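In my numbering, the protein residues as written are 1 to 140.
Here is the structure:
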């Protein structure tokens, strides 16, 4: 049985982070690169969005009794194996999980060009959320 409240709260956090990231994405590269506040907001909201996706994946895996992943990245492979998300999205989400680790642990080495590129590819987060919404709908 899926814990709807936990899932819905994390979906809401994901939606909030993506909304903030879209706002930041509206700035030019030059403006973004020169503004430490924008870079900080982008990094933090990418971290939150990635963590929300990881948490959503792991809660869904536990609630549905699927095989336990060994890593954050593997969580998305499990969802793909079960047909919950497409395999190409799983690969993308695995990369996002890896980038989340860089944001958290290797914060001195963050490539702002990668961050800015991610700001213009937020549809991956939205596609993931739609897949999770579909599971909620199917679970009633």
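Quick reminder that beta carbons are idealized off the backbone N, C-alpha and C, glycines included. The structure displayed is predicted, hence computed values, not measured ones.
(message) Across the segment 23-34 and the segment 59-77, are there enough close Cβ pairs to call them in contact, namely three or more that are closer than 8 Å?
(response) no
(request) Please report the residue range of the alpha helix (DSSP H) in which residue 92 lies. (result) Within the chain shown, residue 92 is the residue found at index 92, counting from 1. Under the DSSP assignment, residue 92 falls in the alpha helix (DSSP H) whose first and last residues are 87-105.
(message) Please tell me whether residue 96 and residue 124 are closer than 8 Å, where the distance is taken between their beta carbons.
(response) Within the chain shown, residue 96 is the residue found at index 96, counting from 1. Within the chain shown, residue 124 is the residue found at index 124, counting from 1. A contact, by the Cβ cut-off of 8 Å.
(request) Select from 2, 44, 14, 89 the residue whose C-alpha is nearest the C-alpha of residue 104. (result) Against the chain shown, residue 104 aligns to sequence position 104. Minimum Cα distance to residue 104 is reached at 44.
(message) To the nearest angstrom, how far is the alpha carbon of residue 5 from that of residue 13?
(response) Taking the first residue of the chain shown as 1, we reach residue 5 at position 5. Taking the first residue of the chain shown as 1, we reach residue 13 at position 13. Answer to the nearest angstrom: the Cα atoms are 12 Å apart.
(request) Look up residue 10 in the DSSP assignment and say whether it is helix, strand or coil. (result) Indexing the chain shown from 1 puts residue 10 at position 10. DSSP places residue 10 in helix when its eight states are reduced to three.
(request) In angstroms with no decimal places, state the Cα-to-Cα distance between residue 116 and residue 57. (result) One-based indexing of the chain shown puts residue 116 at position 116. One-based indexing of the chain shown puts residue 57 at position 57. Approximately 25 Å, taken between the alpha carbons.
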